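Chains as they are written, first to last, in my numbering: chain G, 1 to 535; chain B, 1001 to 1197; chain C, 2001 to 2313. Even glycine gets a Cβ: it sits at the ideal position worked out from N, Cα and C. Note that this is a predicted model, so its numbers are computed, not measured.
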Amino acid sequence: MSHTDAHAINEDRGYLTERGFRSWACTLDHKRIGVLYLFTTLFFFLAGGVIALLMRLELLTPGPTLMSDHTYNVLFTLHGAIMIFLFIIPGIPSGMGNFFIPLLIGARDVAFPRLNLLSYWIFIGGIVVILASLVSPMDTGWTFYTPYSARTGAAVATLSLGIFLVGMSSILTGLNFIVTTHRLRAPGLTWHRLPLFIWAMYATSIIQVIATPVVGITFLLLAAERIFGIGFFDPAKGGDPLLFQHFFWFYSHPVVYVMILPAMGVITEIIPVFSRKPIFGYRAIAYSSLAIAFIGFLVWGHHMFVSGMSHVAGVIFSFLTFFVAVPTGVKVFNWIATLYRGSITFESPMLYALTFIFLFVIGGLTGPFLGALATDVHLHDTYFVVAHFHYTMMGGTVMGLFAGLHYWFPKMTGRMLNETVAKLAWAITFVGFNTTFFVMFILGYHGMPRRYAEYLPKYHADNVFATVGSWILAVGVVIMFANFVWGMFWGEKASANPWRGLTLEWQTPSPPPTENFDEIPTVTDWPYGYGKKAV
Amino acid sequence: MGGVTGDSREERAYALETAKLGIWCFLATEVLLFGGLFTAYTVFRLRYPDLFHAEHLKLNRLLGGTNTVILITSSLTMALAVAAARQGRKKRLQIFLLCTILLAASFLGVKYLEWSDDFARHLYPGTNLFFSLYFTMAGLHALHVIAGMGVLTTLLVMARRGKLGRSRHTPVEIGGLYWHFVDLVWIYLFPLLYLVG
Amino acid sequence: MSSFPLFSGEAARTTGEVDAVFLFIVAIGLFFFFLTQGFLIYFAVRYRRRKGEPEAETPQITGSGMLEFIWVVIPSLLILAIFVVGWWGFRDLERPLPGAMEINVTARQWLWEFTYPDGRKVINELRIPVGRPVKLTMTSTDVIHGFYVPDYRLKQDVLPGRYTYLWLQPEKTGTFVIFCSQYCGTGHSAMLANLVVVTPEEFARWEKGPAEAAGGESLAHRGEELVEKSGCLACHSLDGSRKVGPTLKGLFGHQVELSDGSSVVADENYLKESIIDPGAKIVKGFPPVMPTFKGTLSDDDITAVIAYLKTLK
C-alpha cells in the first residue's frame, strides 16, 4: 500500500475518527479499549513515579527530611500498590494486549468484545474503590502482611476490595485473550506461525486466569478478618500469618511473569525487524514462555526463606527457583543470536529493546543471590531486593513497554514520534535508571533494610547518589512523555508500515480501521522471514 | 463485531464452542477461588482435628441435608432446561428455568433459617476457626447462588421475549454450566462442614 | 560507606561463609554478564548498518539445535551448582551449636527485649561473650518482625504466637547493629538494637553486676513457681513417674510418641502448643483431658515455664 492510500484511509475511517465521550466509554473496539487502558495505566505510572521521587527526596538525608515516618510508610505502600496493581500488571497485557492481539492474529476483535469493555469498567471501579481508601491511607506495604494489616488503623478492607475488583478485571481480560488466541486466528495462522508476542501473551493470560483468583480470595479473607473478625491469619485466634504469606506469594510470584512475559514478547517482535533477521530459535522462545509460566507456579516459597517456614520447604523452593533461570536464559541467548550477522539499525524502539536485554540481564543475574539460601538469608528484605526487582521490573518490563510504545506508536496514532527527542530521552533515562538503582545493590549488600524512612549515617553517600539518579531518570521520562504528547497531535503522518515489519498489524493502515482489516488476510508463512538468502 | 456472531449454522456452532471455552476458563478461576478456602480448611483441620469435630456437631444437619437435596434437584431441572432449549421447546424451557430459580430461592431461604438459628445461639464468623470457615465458605457459595439466580432470571426474561430458541441456545448452555458448578461446590462443602468424621 | 566487608575481618563464623557463597555467585554471574553483554554489544556494533548504507544481505538463520542445547545444559549445571552451594551454606547457618547460651528475644512494636537465663531483661541491647555460641529463641507480642544482624549475615523473622531460632557464633568483640528487617509499622526504621560482643571476662563481670533492668528472679525459677501455682503437678510428675499425664522430667528435646502413631520432638513450639491447645497432639497412651491454659498463662509466662522444663534433665 502506498503512502498516500494509507493517508486517505487514515482520514476517513481510522478507528480514531469518531469523537465524543460516549464513543469511547461504550466502545466495543479492542483498539479503543486498549488505548483507554494505556492512558489509565500510564497516568498511574506517572503518579507512582511522583511518589517515588518524594520517597527518594526523603531519603536524601539519614534522618527526617520532609515528612514523618508514617507518611513515608504510606508513600512506599502507595508506590508499590499503584505501580503493581494499576500500572505494571494491566499495562502491557491489558493495554498493548488489547490493541495488538487481534491485529497480530488477523482478527476483527477479541472473542468477547462486551466482556472486554466490562473488564475495563471493573478496572475503573476498582480504581475508584482504591482511591476511596485514601481517606485513611494504607501503611502496610503492598504485601499486606498479617497480622500488621489486620491491626493497622488504615482502610485495609476498602483497599482489599478495590484490588479484588482490579484482579477480576485482570481475570476477564486473560480469559478473553485465551479464547481469542484459540478461536480467532486468521486462516493459515497455525500455532507455530504465531508472532511470539502472542505466545508470550497466551502464557501470561494463563497465569492471570489461574493465579489471580487466589489473591482474590486472600484479599477477601483479609477484608473479612477486619470486618467480621474471622481469624485465619491471626495467631491470637489460632490462625497462621504464614498462611497469608503462602496465599499471597502463590499469586504474587507468578504475577511477576504476568509483568515480564509480555515485555519479553514485545522485545521478540522488535529485534528481528530492526536486525532484518529471522528470530533465532522460534520454538525455544515460544515454549520457554509456557515453561516460565509453569515453573512460576512452583516457586512462591522463595519469598519466605526466613519467614519461619520449614527448612525442608526452603530447600525445595530454592531448588525449583533455579529452574526459572533456564528458560529465561534461553530467551536472552536467542535474542542475542538473532543480532548475529544482521543489518542492524538503531531507531528508538531498538534502543529500548537492547536496553531491556542489558538491564534485564543484570536483574536476572542478581536473582541467584536471592534464590540461593545462604545469601538470601542476608539479602532478604534489604535494598538488594529493591535493586533486583527494579532492574527486572523497571529495567525489564517498563523498558519493554517503552520499546513497544515507540515501536507501535505510528500504528496506534497514525503519527511518528520525533526520533531525535526519543533518542535523547532514551539516553537520559538509561543513565538515570542505572544511577538510581545500581547503587542499591551495594546498599543492600551492606545491610540497609528496605522500607526504612530513616537509616544509619553510613548509608548516606549511596542514598544521595540514588536520589540524584532519580532526578535524572525523571527528566528522561518527562522528555519521553512530552514527545508522546507532541507526536500524538503534531507528529509526521505515519505510513502503514514505517519499520517494514512482516507481522499482520503492518499490513493494515495506520491507524487501523474499526474492524482492523478490509479483508481478513490469509497467512502462508511465519512472520519472521527477514533474511534474504538461505544458509 | 468479533468474528463469531454470524448466522449460518457453522458459525453458530463455532460461536457456541467459543463461548464454552470462555466459560470453562471462567470456571477454572472459580475453582481456584474456592481452592484457596479449601486449602485453608485442610490446613486448619489437620492442625485442630478436635475443634473441627466438636464444633461441627453444632451445625444443623437436617437443614444442610435439605439444602443438598434442593440443589441437586435444581441441577436436574437446569439440565432439563438446557435440553428443552436445544430442542427449541420454549414453554418447557421457561418452566424448568422457573423451577430452578424457585429451588435456588428456597436454598437461600433455608440458609436464612439456618444462619438465624446460628446467630441466636451466638455462633458468629469470629467465634472460632471452624465457624470462620463455615461462614466464609458457605457465604461465598451463597453469593454464587445469588449471582446464579441473576443469570437464570436473565435467561428467563430472554426466553419470555422469544430471544432463545433452537438456533440460539448458547446462553442457556453457558448458564447451565455455571449452575452445575455452583451445585458441585456445595456437594463438596456439605460433607466437609456438616459431616466431619 | 564501610570498606568491602571481605577485608574488614570476620565478625562471626557465618560472615565468612555467606561471603564465600556470595563471591561464588558473583563469579558465575560475571561470567554470564560478560558473555551476554559482550556478545550483545559486539554484535550491535559489528553488524550495524551505517547511515546511507544499503541494507545488507542477511542470512536466513532460524536456529541451531546444537547451540540451543548448549545454552540450556551449561547454565542448568552452573545454576545447580549455585543451588547446592547456597544450600550447604544455609545448613551451616541453621545448624544448632552445642553448648550454646540461651537467650530469649521478645520483639514488640518497636523495641527488642532480651531475657537472659537468670531472668535479667535488657531492652535494645544484646550483650554476649566472644567465642561462645548463643541460641536466640524469639517471639513477638504483636506483629511480625525480623531479627537481622548484617555483620553476621543472619536474619530470621520473628512471629507472634510461635518461636523461631537463630544461632550466633561471635568471633570478634565490638558493637554491631541489629535491624528489624520485616516491616512492622510506623516505628519500623527506628527499631534498632545493639549487639555488644565483649570478652568472656567482661561478660562475667557484667553478669555478676547489679541487674540493670533486671526482673531479678531467674526465668527458670519463675517458671517453677508457675508450674506449681498452675496445678500442673497434679497430673505431671517431675521424677519420671506416670500420673494422669506424662512426666515432665527429661521431656524437653526428646522424641515424643503421639496417639496417632507419629512422633515429634518436644521443642519450644510443641510445648507451647500443648499448653495452649492440649488436644492438638496427644501423647500415646494418655487421655485427652488436659484443659487449655490459654488466657491463664501469658506468652511471657509460657516462655518461663519452658525455660524451667529445660532444667528438668
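Worksheet item: Candidates C:Leu2248, C:Ile2074 and C:Glu2010: which alpha carbon is nearest C:Phe2232's?
Response: Walking along the third sequence from the start, residue 2232 of chain C turns up at place 232. The sequence given here places Cys at residue 2232 of chain C; Phe does not occur at that position. Answer by Cα proximity: C:Leu2248.
Discussion item. Let me make sure I understand the geometry here. Which of G:Ile227, G:Ile285 and G:Val324 has the alpha-carbon closest to that of G:His253?
Written reply: Within the first sequence, the letter at position 253 stands for residue 253 of chain G. Checked all of G:Ile227, G:Ile285 and G:Val324; the closest Cα to G:His253 is G:Val324.
Worksheet item: What is the DSSP secondary structure of C:His2145, counted as helix, strand or coil?
Response: Taking the first residue of the third sequence as position 1, residue 2145 of chain C is located at position 145. If DSSP states are grouped into helix, strand and coil, C:His2145 belongs with the strands.
Worksheet item: Quick one: which chain C residues come within Cβ less than 9 Å of G:Pro241?
Response: Position 241 of the first sequence, counted from the start, is the residue given in the question as residue 241 of chain G. Per Cβ cutoff of 9 Å: Val2143, Ile2144, Leu2159, Pro2160 and Gly2161.
Discussion item. Once the 5 residues before and after G:Ile124 are set aside, which same chain residues still bring their CB inside 6 Å of it?
Written reply: Taking the first sequence and counting its residues from 1, one reaches residue 124 of chain G at position 124. Hits under 6 Å: none found.
Worksheet item: Does DSSP put G:Ser133 in a helix, in a strand, or in coil?
Response: Counting from one through the first sequence, the residue named residue 133 of chain G turns up at place 133. Three-state result, G:Ser133: helix.
Item to complete: Name the two residues that bound the continuous beta strand (DSSP E) containing C:Ser2140.
Response: The sequence position of residue 2140 of chain C within the third sequence is 140, counting from 1. C:Ser2140 -> beta strand (DSSP E) spans Val2134 to Ser2140.
Worksheet item: If G:Phe197 sits next to G:Gly265, beta carbons under 8 Å apart, how far is it from one beta carbon to the other, in whole angstroms?
Response: As a first step, residue 197 of chain G is located in the first sequence; it is residue number 197 there, counting from the start. As a first step, residue 265 of chain G is located in the first sequence; it is residue number 265 there, counting from the start. Sure, about 4 Å apart at Cβ, within 8 Å.
Discussion item. Can you check which of these residues, G:Gly231, G:Val299, G:Tyr202 and G:Ala236, is closest to G:Leu261 by C-alpha distance?
Written reply: For this step, residue 261 of chain G is matched to residue 261 along the first sequence. The residue with the shortest Cα to Cα distance from G:Leu261 is G:Tyr202.
Discussion item. Could you tell me the alpha carbon to alpha carbon distance between B:Gly983 and G:Leu42, rounded to whole angstroms?
Written reply: There is no way to answer for residue 983 of chain B, as the model of chain B reaches only from 1001 to 1197.
Item to complete: Could you tell me whether the segment 449-456 of chain G touches the segment 65-80 of chain G, where touching means 3 or more Cβ pairs closer than 8 Å?
Response: Touching, yes.
Practice prompt. Give the secondary structure of B:Tyr1041 by DSSP, where H, G and I count as helix, E and B as strand, and everything else as coil.
Written response: Within the second sequence, the letter at position 41 stands for residue 1041 of chain B. In the three-state reduction of the DSSP assignment, B:Tyr1041 falls in the helix class.
Item to complete: Taking the CB atoms as reference points, tell me whether G:Gly106 and G:Ala200 lie closer together than 8 Å.
Response: The residue labelled residue 106 of chain G in the question sits at position 106 within the first sequence. The residue labelled residue 200 of chain G in the question sits at position 200 within the first sequence. Not closer than 8 Å, so no.
Worksheet item: Which same chain residues, not among the five before or five after G:Gly404, have their C-beta less than 6 Å away from its C-beta?
Response: Here residue 404 of chain G corresponds to residue number 404 of the first sequence, with the count starting at 1. These residues qualify, in order along the chain: Met96 and Val266.
Worksheet item: With burial defined as no fewer than 16 other Cβ atoms inside 10 Å of the residue's Cβ, what is the status of G:His537: buried or exposed?
Response: Residue 537 of chain G falls outside the range modelled here, since chain G spans only 1 to 535, and no answer is possible.
Discussion item. Along the chain, where does the beta strand (DSSP E) containing C:Thr2296 start, and where does it finish?
Written reply: Counting from 1 along the third sequence, the entry for residue 2296 of chain C is found at position 296. Counting along the chain, C:Thr2296 falls outside any beta strand (DSSP E), and DSSP gives it neither H nor E.
Worksheet item: On the three-state DSSP scale, how would you describe G:Asp139?
Response: As a first step, residue 139 of chain G must be located in the first sequence, where it is residue number 139. Coil, per DSSP.
Worksheet item: G:Trp199 bridges to which residues according to DSSP?
Response: By one-based count along the first sequence, residue 199 of chain G stands at place 199. In DSSP, G:Trp199 forms no bridge with anything.
Worksheet entry | Collapsed DSSP secondary structure at C:Glu2212 in the structure displayed | One-based indexing of the third sequence puts residue 2212 of chain C at position 212. Confidence is the limiting factor: at C:Glu2212 the pLDDT is only 49, short of 50, which leaves the residue's position unreliable, though a coordinate-based value still follows. Three-state DSSP puts C:Glu2212 in coil, outside helix and strand.
Fill in: Chain-ordered chain G contacts of B:Gly1150 [CB-CB under 7 Å]
Looking up residue 1150 of chain B in the second sequence gives position 150. Within 7 Å Cβ-Cβ: nothing; B:Gly1150 doesn't reach chain G, min ~14 Å.
Worksheet item: So, C:Glu2125 versus C:Val2196, is the Cβ gap smaller than 8 Å?
Response: If you number the third sequence from 1, residue 2125 of chain C lands on position 125. If you number the third sequence from 1, residue 2196 of chain C lands on position 196. It is a contact, given that the beta carbons lie within the stated cut-off.
Worksheet item: If we call anything under 8 Å between Cβ atoms a contact, is G:Pro449 one with C:Leu2159?
Response: Locating residue 449 of chain G in the first sequence gives position 449, counting from the first residue. Locating residue 2159 of chain C in the third sequence gives position 159, counting from the first residue. The answer is no: Cβ separation not under 8 Å.
Worksheet item: How would you call C:Gln2255, buried or exposed, if buried means at least 16 neighbouring beta carbons within 10 angstroms?
Response: Working through the third sequence from its first residue, we reach residue 2255 of chain C at position 255. Under this definition C:Gln2255 is an exposed residue.
Item to complete: Could you confirm whether any beta carbon from chain C is found closer than 8 Å to the beta carbon of B:Tyr1041?
Response: In the second sequence, the residue the question calls residue 1041 of chain B occupies position 41. So, not an interface residue.
Practice prompt. Answer with yes or no whether the minimum CB distance from G:Pro538 to chain B is below 8 Å.
Written response: Outside the displayed span of chain G (1 to 535) sits residue 538 of chain G, for which this structure offers no information.
Discussion item. Beta-carbon within less than 8 Å of G:Tyr148's beta-carbon, same chain only, minus the 5 sequence neighbours each way: which residues are those?
Written reply: For the purposes of this step, residue 148 of chain G is taken as the residue at position 148 of the first sequence. Answer for G:Tyr148: Thr140, listed in chain order.
Worksheet item: Which residues in chain C sit within 7 Å of B:Arg1045, going by Cβ to Cβ distance?
Response: Here the question's residue 1045 of chain B lines up with position 45 in the second sequence. Ordered by position in chain C, no residue passes the 7 Å Cβ test against B:Arg1045, which lies about 12 Å from the chain.
Worksheet item: Would you report the Cα separation of C:Val2122 and C:Val2105, rounded to the nearest angstrom?
Response: Stepping through the third sequence from its first residue, residue 2122 of chain C is reached at position 122. Stepping through the third sequence from its first residue, residue 2105 of chain C is reached at position 105. Cα atoms of C:Val2122 and C:Val2105: separation of roughly 10 Å, rounded to the nearest angstrom.
Worksheet item: Of the residues G:His380, G:Ala494, G:Thr397 and G:Met480, which one's Cα is nearest the Cα of C:Pro2150?
Response: Looking up residue 2150 of chain C in the third sequence gives position 150. Cα-wise, what sits closest to C:Pro2150 is G:His380.
Fill in: Classification of G:Asp519 by the beta-carbon crowding that lies within 10 angstroms, buried from 16 upward
The residue you call residue 519 of chain G lines up with position 519 of the first sequence. A small fix is needed here, since residue 519 of chain G is Glu in this sequence, not Asp. Classification for G:Glu519: exposed.
Fill in: Proximity of B:Leu1094 and B:Ala1159 at Cβ, strictly below 8 Å
Looking up residue 1094 of chain B in the second sequence gives position 94. Looking up residue 1159 of chain B in the second sequence gives position 159. In the sequence on display, residue 1094 of chain B carries Gln and not Leu. Yes, the pair counts as a contact, with Cβ atoms nearer than the cut-off.
Worksheet item: Can you tell me the Cα-Cα spacing of C:Leu2078 and C:Ile2028, whole angstroms?
Response: Here residue 2078 of chain C refers to the residue found at position 78 when the third sequence is read from its first residue. Here residue 2028 of chain C refers to the residue found at position 28 when the third sequence is read from its first residue. Taking the straight line from one Cα to the other gives about 7 Å.
Worksheet item: Which term fits G:Ser170, buried or exposed, when burial requires 16 or more other beta carbons within 10 angstroms of its beta carbon?
Response: The count along the first sequence starts at 1 and reaches residue 170 of chain G at position 170. The residue is buried, with at least 16 neighbouring Cβ atoms inside 10 Å.
Worksheet item: Does G:Leu221 come within less than 8 Å of chain B when only Cβ atoms are used?
Response: Counting from one through the first sequence, the residue named residue 221 of chain G turns up at place 221. With 8 Å as the cut-off, G:Leu221 counts as an interface residue toward chain B.
Discussion item. Starting from C:Thr2115, trace the beta strand (DSSP E) in both directions and tell me its first and last residue.
Written reply: On the third sequence, residue 2115 of chain C is found 115 positions in, with the first residue counted as 1. C:Thr2115 -> beta strand (DSSP E) spans Leu2111 to Thr2115.
Worksheet item: Nearest CA to the CA of G:Ala157: which residue from G:Phe99, G:Ala223, G:Tyr391 and G:Val361?
Response: As a first step, residue 157 of chain G is located in the first sequence; it is residue number 157 there, counting from the start. G:Ala157 has its Cα closest to that of G:Ala223, out of G:Phe99, G:Ala223, G:Tyr391 and G:Val361.
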